[in-house]
Every structure is written in C-alpha cells, then in structure tokens.
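Undergrad: Residue numbers (the working numbering), protein chains in the order written: chain R, 892 to 1584; chain U, 137 to 267. Just so you know, even glycine gets a beta-carbon here, dropped at the ideal spot from N, CA and C. From a predicted model like this one, the values you see are computed outputs, not experimental measurements.
1. Determine whether the Cβ of residue 242 of chain U lies closer than 7 Å to any Cβ atom of chain R.
2. Under a CB-based cut-off of 7 Å, is residue 158 of chain U close to chain R?
3. Going by DSSP, which residues form a beta bridge with residue 1126 of chain R?
4. Helix, strand or coil for residue 183 of chain U? Go by DSSP, reduced to three states.
5. So which residues of chain R does residue 152 of chain U contact, with C-beta pairs closer than 8 Å?
6. Mind listing the chain U neighbours of residue 1417 of chain R? Cutoff is C-beta to C-beta under 7 Å, in chain order.
7. Just checking my contact of residue 1259 of chain R with residue 1293 of chain R at CB under 8 Å: how many whole Å lie between their CB atoms?
8. In chain order, what residues of the same chain have a beta carbon less than 6 Å from the beta carbon of residue 1038 of chain R, not counting five sequence neighbours either side?
9. Would you say residue 1393 of chain R reaches chain U, if we count a Cβ-Cβ gap shorter than 7 Å as a contact?
10. For residue 1214 of chain R, which residues in the same chain have their Cβ closer than 7 Å to its Cβ, ignoring the five residues on either side in sequence?
11. Starting from residue 1530 of chain R, trace the alpha helix (DSSP H) in both directions and tell me its first and last residue.
12. Please list the segments of the beta strand (DSSP E) lying wholly inside the stretch 1272-1334 of chain R, counting only runs of 3 or more residues, in order along the chain.
13. Considering only C-alpha positions, which residue in the set R/1273, R/1051, R/1136, R/913 is nearest to residue 953 of chain R?
14. Report the neighbours of residue 245 of chain U on chain R: residues whose CB is nearer than 9 Å to its CB, in chain order.
15. How about residue 1430 of chain R: is its C-beta nearer than 7 Å to some C-beta of chain U?
16. Do you know offhand how far residue 1586 of chain R's Cα is from residue 945 of chain R's?
17. Mind reading off the beta-carbon distance from residue 1553 of chain R to residue 1517 of chain R? Whole number of angstroms is fine, and I expect it under 8 Å.
18. CA-CA distance, residue 1163 of chain R and residue 1143 of chain R?
19. Leaving aside the five residues before and after residue 1339 of chain R along the sequence, list all residues of the same chain whose C-beta is less than 6 Å from its C-beta, in chain order.
20. Is there a Cβ from chain U that is less than 7 Å from the Cβ of residue 1378 of chain R?
21. Can you name the residues that DSSP bridges to residue 1096 of chain R?
22. Taking Cβ positions, are residue 1310 of chain R and residue 1282 of chain R nearer each other than 7 Å?
23. Quick check: the stretch 1402-1422 of chain R against the stretch 174-185 of chain U, are there 3 or more CB pairs under 8 Å?
24. I need the boundaries of the alpha helix (DSSP H) containing residue 208 of chain U, first residue and last residue.
25. Between U/220, U/173, U/244, U/232, which has its C-alpha nearest residue 206 of chain U's C-alpha?
26. So, under 8 Å CB-CB, residue 220 of chain U and residue 240 of chain U are touching, yes? Tell me the CB distance rounded to an integer number of Å.
27. In the structure shown, what three-state DSSP assignment does residue 1186 of chain R receive?
28. Which two residues bound the contiguous alpha helix (DSSP H) that contains residue 1144 of chain R?
29. Listing by chain order, which chain R residues have their CB less than 7 Å from the CB of residue 162 of chain U?
30. Please tell me whether residue 195 of chain U has its Cβ less than 7 Å away from any Cβ of chain R.
31. Quickly, what does DSSP pair residue 1569 of chain R with across the bridge? List them, please.
32. Report, in whole angstroms, the separation of the C-beta atoms of residue 1206 of chain R and residue 1114 of chain R, which I expect to be a contact under 8 Å.
33. Are residue 1047 of chain R and residue 1028 of chain R closer than 7 Å when you measure CB to CB?
34. Could you name the residues that DSSP lists as bridge partners for residue 926 of chain R?
35. Is DSSP giving residue 1216 of chain R helix, strand or coil here?
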C-alpha cells in the first residue's frame, strides 16, 4: 500500500472511518470518534492531549481504554521541552516512540494543529495577510507555538497531540493507516474549526452590532448612517423624530419630514463636495412639536475593512441652546467690554478730577488704614518710599481723625486739623472733609478724605474782616460828622421846640394852622436829629461784645414804652460766643427794629426776640438774632424799597432812615439781614452776625 | 413842706435854659436857672433845691456829673434828671449806677414833665415814710 503523508489513504477501513468523521458537525465530536476509530484499527488504547495557550499546560482531553495513571503520564506543560509530547508539537512530525523495556508498550505521537491548504475567506479578502492555517500547512520549520494566533481575527489556533499505544510488533502499514486516519481527522477538525470560527466571529459581530445599536439608541442626538447615495441605512430614534414619517401622517408632519430629509441630504452632498467641512449648521423642524431646532451636523465617512467607502455617519447636535448661550455669551462679553470701557472712562475721569482737585486726598479702608494717597497727600504723610518724622506726626494726627470718623455714625464729616507742612515746617490748618463709601451689605468699604488748605481762606477772611473794619470806620466817621451837625442843630432846636410848647393855647385862632405846621415840622426835625445823634452816639468802639446783653439793654430801654403800647415781650436768648463789631451800632439796629415793631402793633401784640448760634453749611458759625412782631405787616411793594433812605410808612412821624441805618450797620458787620412779612400777621427780621471763632 | 417844689435847671445854652425855666414855671414849679457849673454850685449852696435838672455837657473842664456830685454831697437823695444831646456808654452806665434817669435831647416835654413829677412824688413819699 502506497502511503503519502500529505494525502491520506481513504480506502477500505479508512474510508468507513473517514465517512464517520465527516459526519461529525462539531469539533468536539471529532476526538471521541477518532479515538474509537483508532481502537477499531486494533490499537489497544489512545488519548488526545490539548495545549491550553493561556496556561501553557498540556492536558489530556479525551482518552479511550486508558487507565488513570496512563492519562496522568501525558499531563505536561509547554515548558517541558524534553518530553516527546512537546517535542512532537514543536517538530510537527509524527513519531513512534518504542519502549526500551521488552514488555513495555510503544506509543505513536501525532501532532494536531490548525492547518488548511487554502486560506479562509476572511484571509482571502484581506489580501496580503498571512493565514496561519496555510502557513502551518506549508511549514516544515520548528513550530513557534506562542505565535499560533490568526493574523486576521486574532484567534488562537488549536494544538493537540494524539497519543496511540501500538503493539511493539506493529507493521509499518498499520502505522501508516493510523497516521492517515489521524491526518484525516485533523483535516476535518481544521475545517470544522474554521466554520466554528466563522460562527464565533458572527456571534461577536452580532454582539458588537447590538452594542452599537444600543449606543446609537442611547444617544439623544440624532445619529444617521447613510450610503454613498445619501440614502438612510439606519438611524436612531432621535433621528426618526426628524427624518422618518410617523404612522399617523398629517400633512404638516409629512412636509416637515420631507423638508428635513431634503435639507439633510443637501448638507451631506455639500459636505461631500467641499470635502473639507466636516460640520455644518442646519435648521430642522421637529415633526412632533413643530419647533424649529438648530442642529450642527458632524459627518464622517465610513469605510469597509478593504478601504471601500460605505457611506457617512452623521451625528446631529442640537445647538439651539448652545447657539443661544453662545449669543448670550457674546452679548454678555460685549456688555462687559462696554462696562469695562465705562469703568475705564470713569477711572480716567476720576483720576483727572483727583489730579485737578489740587487738595490732598486720602482713601482709607474699613479699618481706617490708608489705602490710597494722592501725590499731594504723599507729601504730607509720606509714601512707601520713605517717611520723615514730620510725615509720621502728620499721619498720627490724620489717623486719630479718620479712626474717629470711620467708627462714628455720621456719613460725612468735616473738621479742622493741624498738620505741619513738610517744606515750610509751618503749622497749616486744613479743613478735612470726609465721606463714607458703603459696600453692597451697607458696611463701610472706604472713607475718602479731602484736605483743604485753609491758609488762603483764612487770609481772605482776614482781608475781608479788615475791609469790614475799614467800612465800619468810614461809617463811623460819617456818623460822627452827622452827629456833630446834629448836635449843633440840637440845641437851637431844643429851644425852638420848647418855645412851641410854651406857645400852646396862646395862639390867635387864625394863627393856629400855621402853629400846628410849625409844631409838626419841628418835631420831624427833632426826630431826624435824634436819629443822627443815635448814629453818632453809637459809633464809638469796635471789638468783641456780647450780643445777648445788647439785646437785654435795648429791651430794658423800651420796657416802659412797650408796656404802655400793650405789647408782651417774649425773649429767648441762647448761649452765644462773642460777636465782633460795635455793640452800640447793634444796639441802634435793635432799637430801630423794636421801635418799628412797636409802631406796627398799634393794638398791642407780642414782640419776640430770639438769639442763638447757628452752624451754616460751610461750617461757619453765625449768631442769629430774630425780632418778630405780630403787627400789621409790610406790603410786598414796601419790602423791596424799605431799606432805601427816606422811605417811610409812618408819614410825618418817620424819618425813613431807620431801616437804612439797620441795613448799613449789619452789612458793615459782615452780617446778613432778612425780612419776612405777612400783611395782618406780622413781620420777622432775622439778623446774622459772624461769631468770633 | 413848701407849696412849690424848687427845681434847678442847669444848661449852658441860654435859650434852652430860658425855655425850660418858662415851661417848668408854667407847670407851677419854682425854678432856678444856672448857665454854668459854678452858678449851679452857687444855687445849690444857697437855695433849697428839690430837684436837679442838669445838662451833661457844660464847660470844657466840668460836666453835669460834677454838678450832680456836688448836689449829692449836700443832699444825697436829691432827685436828679440828666439831660443830654448824646451820652457815651460810660456816661450812660455812670448815670444808671447813680440811679439817675437820662433823657436825650431833643427831649419830649411830656416825658420830661412826667419824669419830674414822678421823682418828686417818690421823694415826697420817702420823706413822709422817714417822718
């Protein structure tokens, strides 16, 4: 019998075995059948030991007629290279190992390995790739078991050894029959293995497809797979909402879906044409809700394993909110930039203001610690660069003030503080004006203090005062002149007046009207003289005086007259600092006002005289004297002209000089005179005189 | 008690002096007139004067207060009225301290007469009280 190693003989008994093996449809059925057929050939026992590539162990997986100890003998490992089992696996050459002991059995080893004459379809498709089955078929080299991995599908091939106990006197033909049987079995096994391999691959693919579908469905963004003609192959539920016609078709929905499809394939076409764009915005209509939704379509071409282009995968991302957020972000950014611009302008303007204020500015934090000093303030208080002893002393003075202000309840404050000028080393009086800046919680965030050098102001005040004194002096001179004249007129007038009195009731009846005129006119001259003498009398001394005692004196002087006129006097005198000027002139002022008040209350009434110290907005202190009556009041026309000389409402009885003198005196004192009057209700004169600081 | 009160008028202006004398006489007073402090002192020394009506400004060296002082030296409670065209605050204060009313020229005659009769009445009552 001619035996060829690569083409097993399939005649006779072998033919029957071949058919039986061919009937097996699963790889695991091959080994038992093979063992049965081996025993049927007359060999006493056989087993199959298989390589586990994971552990490198070689384990018997099937045996026939083998006692346990024999099976155990063929348990080995790939590392045990000296054993016939491993040697056979590496060499891939069947071997008959005869025992040296006479009665011991011989064993025939045959390696089983995945091999085929032709490559599998997958390997066929991936041209140029090596198929391990074909390589194993052709290889005559020592087999590297560790490399038994399919280059196409990464699958481990199988490797096993069939061990058959043969009688020591077995013929060569018997061995050849055995060999061809096992080879046949291996061929079937390889074929089944290939089929099962495809099956496994298919199961794997199904799993992957399911996984992919799950992934696709779980995506909230529409995902669409299209063929090269942009026809939809598959899409997820999210995509169906836009691209698939629903069951209960309404006209609107059909149109919406059609339009969406049109838009989408147009976008795909344009992307395919341009080649460069991989994303594109498009507005689709939600077929269910009817809303317009802005999508960004990101498409990527899909390829088959052989590099063929199979279509496009498109993911649509709902960017309505994103774009809106983007727009808002941009708008906010613009707003921010504008705000920043405003802030910058404000800051520039503020800096400009600060630079041009010309006064030292100090900004402190909530703990009264200096946060900012402008260059002028740095001259006074020093800077980070250095401090002199003077600076430190100034700083201490300022700290005391700022601390007090910061913890006070007032929002703004103003106080004089004395600092030493760093250059002249002179004490300079500053007017410190402070304000608080609050944070959003209403706590003090900063205090700002502007220091105003009062030297110039004080000098100006001094000048004003001197000028006023000069004016007063001039007024006094004029008064003295008037007084002197009046005095000279006074004595003759006194005689004339007395004569007129003596002539009372002694006149001829026809002379009486003339006498009356003489009497009235003389009385008028007497009043003018009295007024002018008053001016003279009261222009004596200029200095500090107590306003309240002047008020008291004046009221005392008029007590009897006022009582007689039925006038009640209410006086309310506050505590006052001294005033600067002429007490006599002020007495004259008050006398004139009291006389006017008395004259306005022919039916009696109330005369209220008040004095108090008033702090003005600019912190100057003034003495305010108010003389108010409940008399007949002054008409509107009169209010304008009553301070002019020789204007009177008292007719023959008045000189028209009283209020003119009042005004002159008050103005000379650097004071203010205001009048408020209501006809029939009364008149209020308010005088303000500067107080001595 | 005499029928008529005796008033001494002192003023350096003759016409003023004459008219006062006439007015006061018209009112029923006995009136002596002095044109200088010297004459006034003379009158005060020689006559029994009930009330002194004296101008403040007399000669350069002497003024009304000299006359008043002289009168009060003689008769401390002699009622006195000071007449003046103008008075310095000091003069005013001084008169007030002495308890002497001051009447400013031009004098309101009615006021003058009221003041005089008031003072005389006061003085009379004091005398009565003193017994």
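TA: For this structure:
1. Counting from 1 along the second chain, the entry for residue 242 of chain U is found at position 106. So, interface residue.
2. The residue you call residue 158 of chain U lines up with position 22 of the second chain. Yes, because at least one Cβ of chain R sits closer than 7 Å to the Cβ of residue 158 of chain U.
3. Here the question's residue 1126 of chain R lines up with position 235 in the first chain. Its beta-bridge partners are R/1115.
4. Counting from one through the second chain, the residue named residue 183 of chain U turns up at place 47. Note: residue 183 of chain U maps to coil in three-state DSSP.
5. Indexing the second chain from 1 puts residue 152 of chain U at position 16. Chain R residues near residue 152 of chain U: 1382, 1385, 1386, 1389.
6. The residue you call residue 1417 of chain R lines up with position 526 of the first chain. Under the 7 Å cutoff, chain U gives 242.
7. Within the first chain, the letter at position 368 stands for residue 1259 of chain R. Within the first chain, the letter at position 402 stands for residue 1293 of chain R. That belief holds up - the Cβ atoms of residue 1259 of chain R and residue 1293 of chain R are roughly 5 Å apart, short of 8 Å.
8. Counted from its first residue, the first chain places residue 1038 of chain R at position 147. Hits under 6 Å: none found.
9. Stepping through the first chain from its first residue, residue 1393 of chain R is reached at position 502. For residue 1393 of chain R, the answer is yes, since a Cβ of chain U falls inside 7 Å of its Cβ.
10. For the purposes of this step, residue 1214 of chain R is identified with residue 323 of the first chain, where counting begins at 1. The residues are 1185.
11. Position 639 of the first chain, counting from 1, holds the residue named residue 1530 of chain R. Unbroken alpha helix (DSSP H) run through residue 1530 of chain R: 1527-1532.
12. 1303-1311, 1318-1329
13. Mapped onto the first chain, residue 953 of chain R falls at position 62. The shortest Cα separation from residue 953 of chain R among R/1273, R/1051, R/1136, R/913 belongs to R/1051.
14. By 1-based counting over the second chain, the position of residue 245 of chain U is 109. Simply 1388, 1389, 1392.
15. Residue 1430 of chain R sits at position 539 when you count from the first residue of the first chain. Below a pLDDT of 50, predicted positions are generally treated as unreliable, and residue 1430 of chain R, at 46, falls in that range; the measurement from the model is reported next regardless. With 7 Å as the cut-off, residue 1430 of chain R does not count as an interface residue toward chain U.
16. Since the first residue shown for chain R is 892 and the last is 1584, residue 1586 of chain R is missing from the structure and cannot be characterised.
17. Reading the first chain from its first residue, position 662 is the one you call residue 1553 of chain R. Reading the first chain from its first residue, position 626 is the one you call residue 1517 of chain R. So it is not a contact: roughly 14 Å between Cβ atoms.
18. The residue given as residue 1163 of chain R occupies position 272 in the first chain. The residue given as residue 1143 of chain R occupies position 252 in the first chain. Computed Cα separation, rounded: 30 Å.
19. One-based indexing of the first chain puts residue 1339 of chain R at position 448. The residues are 1254, 1326.
20. On the first chain, residue 1378 of chain R is found 487 positions in, with the first residue counted as 1. Chain U, which has a Cβ nearer than 7 Å to the Cβ of residue 1378 of chain R, makes this yes.
21. Start at 1 with the first residue of the first chain, and residue 1096 of chain R comes out as number 205. None; residue 1096 of chain R has no bridge partner.
22. Residue 1310 of chain R sits at position 419 when you count from the first residue of the first chain. Residue 1282 of chain R sits at position 391 when you count from the first residue of the first chain. Cβ distance not < 7 Å, so residue 1310 of chain R and residue 1282 of chain R don't count as in contact.
23. no
24. The sequence position of residue 208 of chain U within the second chain is 72, counting from 1. Here the alpha helix (DSSP H) through residue 208 of chain U covers 200-210.
25. The residue labelled residue 206 of chain U in the question sits at position 70 within the second chain. Of the listed residues, the one whose Cα sits closest to residue 206 of chain U is U/173.
26. For the purposes of this step, residue 220 of chain U is taken as the residue at position 84 of the second chain. For the purposes of this step, residue 240 of chain U is taken as the residue at position 104 of the second chain. That pair is a contact at about 6 Å.
27. The count along the first chain starts at 1 and reaches residue 1186 of chain R at position 295. The answer is strand: DSSP assigns residue 1186 of chain R an E or B state.
28. In the first chain, residue 1144 of chain R corresponds to position 253, counting from 1. From DSSP, the alpha helix (DSSP H) with residue 1144 of chain R extends over 1142-1165.
29. Here residue 162 of chain U corresponds to residue number 26 of the second chain, with the count starting at 1. Ordered by position in chain R, the residues that pass the 7 Å Cβ test against residue 162 of chain U are 1393.
30. In the second chain, counting from the first residue as 1, residue 195 of chain U sits at position 59. Not one chain R Cβ lies under 7 Å of residue 195 of chain U.
31. Reading the first chain from its first residue, position 678 is the one you call residue 1569 of chain R. Residue 1569 of chain R pairs with R/1573.
32. For the purposes of this step, residue 1206 of chain R is identified with residue 315 of the first chain, where counting begins at 1. For the purposes of this step, residue 1114 of chain R is identified with residue 223 of the first chain, where counting begins at 1. That pair is a contact at about 5 Å.
33. Residue mapping note: residue 1047 of chain R aligns to position 156 of the first chain, counting from 1. Residue mapping note: residue 1028 of chain R aligns to position 137 of the first chain, counting from 1. Not closer than 7 Å, so no.
34. Here residue 926 of chain R refers to the residue found at position 35 when the first chain is read from its first residue. Partner(s): none; residue 926 of chain R has no beta bridge.
35. Start at 1 with the first residue of the first chain, and residue 1216 of chain R comes out as number 325. Note: residue 1216 of chain R maps to helix in three-state DSSP.
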